[in-house]
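S.K.: Numbering (our numbering), first residue to last: 1478 to 1992.
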């Protein structure tokens, strides 16, 4: 054999050295028939009256030159249909507890205005209201999730709203709905009983809110909704485990179906940094908060298990996503930010966490749909672009209503300045016709990671795969370059005798589908 002088080939020496030191991650995927189904509502979305999410985002008005259906832009409708979004939460957020639904029905010229005190102090004309939202959900094929006003509303106002949208018989609210052009009720199942009651919903204690919740839930009549109402209590802010404890302890379980949890990903809450111009230290900090979702879901679930061992009450992560400083030159109350490969990493690991905890987690709503925080779409007049987050959710939609396949592995470490995070995140599922899907994320900013899957327990021939990856973490789609980041075919894997080997590039998302 001819000898190679490695000193004459320093680059080759570095590559060989790196390969020799690089550990291979071994993953075992179990075909567990008792594993839970991944509820499609984990892939839900959230649209608040905030900045340009509704007005100038979803809703442009029926007289707009932008092609629309009842005032909602058609390009966004098609994009959301493609995601197969299962559920959409509206009208807030903080806005929900200042919103009075009767202001948003009837002839538009007769509707009163409202000052959005939470987001920018702008005056809204209530032209987008209950009919607009619920009709949009019908067009999208999505379940509506209405967040009701508890902070500044009344029990009667809440009960009237339920009657207005759900009652088919003769009643004051059902007749009012007919007067305003809708004969058939919408049959809204999902209802949030207030929002962030520990903060903008009223700065309440959990004990006070638990009693208030009991009152409101008591007057939530089913009317004609054959599936019954699904009542979601305003839940904890991040790691406020006491809040979850009180709700589970003090609210009778026949009055509640879900408990919410809110947690965002950021650099530092008081110094969130730029959405595009960030360094690796800021990226690492953001991923620390994103990956904390694993701890939050685990510990909140443990409290729920204590009071509800049968798992009849569900954990609803109805606000999650990345939060940075607003884009320079925009209204600071509008929370408009760009969306980079960092956001793709947040989406990938978060969805993997929700999938893997699908025994208790039954819904999650990305904040927010368009032009706000970690949006799946951004608009500028007639232009619209899809973000890296959109593409991750499109790739992951294969997991909706599929059976979870539990994964076991020791993740390699992503180390930065003496601190470490698990570099690789994985979830897997099997759909109704037996097709297996694996979603894998490598958050490491510099290094690729080799992963080996033991799939010997499955009868598989081969795989197809897609990857979302780019040259830098800061890369993003723009109105001038809308397809800079899009999924592409992934070929860096081998499948032989039940063993799948693949190499994940730095900051990449891969989804594999069995043949």
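All residues carry an ideal CB built from backbone N, CA and C; glycine is no exception.
1) Exposed or buried, which one is residue 1794 when buried takes at least 16 other CB atoms within 10 Å?
2) Suppose the cutoff is 6 Å on Cβ atoms and the five residues either side in sequence are ignored; what does the same chain contact list for residue 1597 look like?
3) Quick test of the definition: if touching needs 3 or more C-beta pairs under 8 Å, does the region 1742-1752 touch the region 1700-1718?
4) If you reduce the DSSP assignment to three classes, tell me which class residue 1818 lands in.
5) Note down the Cα distance separating residue 1879 from residue 1806, rounded to an integer number of angstroms.
6) Which whole-angstrom value describes the C-beta separation of residue 1849 and residue 1617, a residue pair presumed to lie in contact below a C-beta threshold of 8 Å?
7) Do residue 1591 and residue 1574 come within 8 Å of each other at the CB atom, strictly closer than that value?
8) How would you call residue 1730, buried or exposed, if buried means at least 16 neighbouring beta carbons within 10 angstroms?
9) Once the 5 residues before and after residue 1969 are set aside, which same chain residues still bring their CB inside 7 Å of it?
10) Where does residue 1653 fall in DSSP's three states?
11) Look at residue 1865 and residue 1962 and say whether their C-beta atoms are less than 8 Å apart.
12) Look up residue 1709 in the DSSP assignment and say whether it is helix, strand or coil.
13) Return the chain-ordered list of same chain residues with a C-beta closer than 6 Å to the C-beta of residue 1902, the five sequence neighbours on each side being excluded.
14) Scan the region 1625-1705 and note each continuous alpha helix (DSSP H) run of 4 residues or more that stays entirely inside, going in chain order.
15) Report the CB separation of residue 1562 from residue 1840 in whole angstroms; it is logged as a contact under 8 Å.
16) Quick check on DSSP: helix, strand or coil for residue 1801?
17) Fully enclosed by the region 1827-1852, which beta strand (DSSP E) runs are 3 residues long or longer?
18) Can you say whether residue 1498 is buried or exposed, counting buried as having 16 or more other CB atoms within 10 angstroms of its CB?
19) Is it right to say residue 1666 is buried, meaning 16 or more other beta carbons lie within 10 angstroms of its own, or is it exposed?
20) Who are the Cβ neighbours of residue 1478 in its own chain at under 6 Å, not counting the five residues just before and after it?
21) Which of the three DSSP states, helix, strand or coil, is assigned to residue 1521?
22) Extract the residue ranges of the beta strand (DSSP E) inside the region 1525-1585, only unbroken runs of 3 or more that lie entirely within it.
23) Can you tell me whether DSSP reads residue 1776 as helix, strand or coil?
24) Between residue 1967 and the rest of its own chain, which residues show a CB-CB distance below 7 Å, the 5 nearest in sequence each way excluded?
25) If you measure between the beta carbons of residue 1545 and residue 1551, is that distance less than 8 Å?
26) Going by DSSP, what residue range makes up the beta strand (DSSP E) through residue 1919?
27) Taking residue 2020 as part of the alpha helix (DSSP H), name the residues at either end of that continuous run.
28) Which stretch, first to last residue, makes up the beta strand (DSSP E) that contains residue 1929?
29) What is the rounded straight-line gap between the Cα of residue 1914 and the Cα of residue 1501?
30) For the putative contact between residue 1815 and residue 1753, defined by C-beta atoms under 8 Å, what is the C-beta separation to the nearest angstrom?
31) Suppose the cutoff is 8 Å on Cβ atoms and the five residues either side in sequence are ignored; what does the same chain contact list for residue 1514 look like?
32) Give every residue of the same chain whose Cβ lies closer than 8 Å to the Cβ of residue 1774, excluding the five residues on either side of it in the sequence, and list them in chain order.
33) To which residues of the same chain is residue 1657 closer than 6 Å at the C-beta, ignoring the five residues directly before and after it?
M.R.: So, from the listed chains and residues:
1) For the purposes of this step, residue 1794 is taken as the residue at position 317 of the chain shown. Buried, by the Cβ-count rule.
2) Taking the first residue of the chain shown as 1, we reach residue 1597 at position 120. For residue 1597, where only same-chain residues beyond five positions count, the Cβ hits under 6 Å are 1808, 1810 and 1811.
3) no
4) The residue labelled residue 1818 in the question sits at position 341 within the chain shown. In this structure, residue 1818 counts as helix in the three-state DSSP scheme.
5) Residue 1879 sits at position 402 when you count from the first residue of the chain shown. Residue 1806 sits at position 329 when you count from the first residue of the chain shown. In a straight line, the C-alpha of residue 1879 is about 43 Å away from that of residue 1806.
6) Against the chain shown, residue 1849 aligns to sequence position 372. Against the chain shown, residue 1617 aligns to sequence position 140. Between residue 1617 and residue 1849 the Cβ distance is about 18 Å, and since that is not below 8 Å, they are no contact.
7) Against the chain shown, residue 1574 aligns to sequence position 97. Against the chain shown, residue 1591 aligns to sequence position 114. Their beta carbons are not under 8 Å apart, which means residue 1574 does not touch residue 1591 by this criterion.
8) For the purposes of this step, residue 1730 is taken as the residue at position 253 of the chain shown. So residue 1730 counts as exposed.
9) One-based indexing of the chain shown puts residue 1969 at position 492. 1979 and 1980, listed in sequence order.
10) Translated into positions along the chain shown, residue 1653 becomes position 176. Helix.
11) Against the chain shown, residue 1865 aligns to sequence position 388. Against the chain shown, residue 1962 aligns to sequence position 485. Going by C-beta atoms, residue 1865 is nearer than 8 Å to residue 1962.
12) If you number the chain shown from 1, residue 1709 lands on position 232. Residue state, collapsed to three classes: strand.
13) Along the chain shown, read from residue 1 onward, the residue named residue 1902 stands at position 425. Contacts found: 1826, 1829 and 1918.
14) 1632-1643, 1649-1656 and 1683-1695
15) Taking the chain shown and counting its residues from 1, one reaches residue 1562 at position 85. Taking the chain shown and counting its residues from 1, one reaches residue 1840 at position 363. No, residue 1562 and residue 1840 are not in contact; Cβ-Cβ is about 12 Å, not under 8 Å.
16) Translated into the one-based positions of the chain shown, residue 1801 becomes position 324. Residue 1801: coil per DSSP, three-state reduction.
17) 1838-1844
18) Within the chain shown, the letter at position 21 stands for residue 1498. Interpretation of residue 1498 is limited by its pLDDT of 41, a score under 50 that renders its predicted location unreliable; the figure taken from the coordinates is listed afterwards. Label assigned to residue 1498: exposed.
19) Along the chain shown, read from residue 1 onward, the residue named residue 1666 stands at position 189. With 16 or more Cβ atoms within 10 Å of its Cβ, residue 1666 is classed as buried.
20) Locating residue 1478 in the chain shown gives position 1, where the first residue counts as 1. Confidence at residue 1478 is low in this model, with a pLDDT of 33, below 50, so its placement is unreliable and the value that follows should be read with caution. Counting only Cβ-Cβ distances below 6 Å, and skipping sequence neighbours, we find nothing.
21) Counting from one through the chain shown, the residue named residue 1521 turns up at place 44. Strand, per DSSP.
22) 1564-1567
23) Here residue 1776 refers to the residue found at position 299 of the chain shown. If DSSP states are grouped into helix, strand and coil, residue 1776 belongs with the helices.
24) Locating residue 1967 in the chain shown gives position 490, counting from the first residue. Excluding positions up to five away in sequence, the list reads 1942, 1943, 1944 and 1987.
25) For the purposes of this step, residue 1545 is taken as residue 68 along the chain shown, with counting starting at 1. For the purposes of this step, residue 1551 is taken as residue 74 along the chain shown, with counting starting at 1. Cβ atoms of residue 1545 and residue 1551: closer than 8 Å.
26) Position 442 of the chain shown holds residue 1919. Counting along the chain, the beta strand (DSSP E) containing residue 1919 begins and ends at 1913-1919.
27) Residue numbering for the chain in the displayed model covers 1478 to 1992; residue 2020 lies beyond these limits and cannot be assessed.
28) Here residue 1929 refers to the residue found at position 452 of the chain shown. First-last of the beta strand (DSSP E) with residue 1929: 1926-1931.
29) Within the chain shown, numbered from 1, the residue matching residue 1914 stands at position 437. Within the chain shown, numbered from 1, the residue matching residue 1501 stands at position 24. Their Cα atoms are separated by approximately 21 Å.
30) In the chain shown, residue 1815 corresponds to position 338, counting from 1. In the chain shown, residue 1753 corresponds to position 276, counting from 1. About 5 Å separates the two Cβ atoms, so the contact holds.
31) To locate residue 1514, count along the chain shown from 1; it is residue 37. Excluding sequence neighbours, residue 1514 sits near 1835, 1878, 1879, 1880 and 1881.
32) Numbered from its first residue, the chain shown carries residue 1774 at position 297. Contacts found: 1738, 1792, 1794, 1830, 1831, 1834, 1837 and 1838.
33) Position 180 of the chain shown, counting from 1, holds the residue named residue 1657. 1582 and 1583, listed in sequence order.
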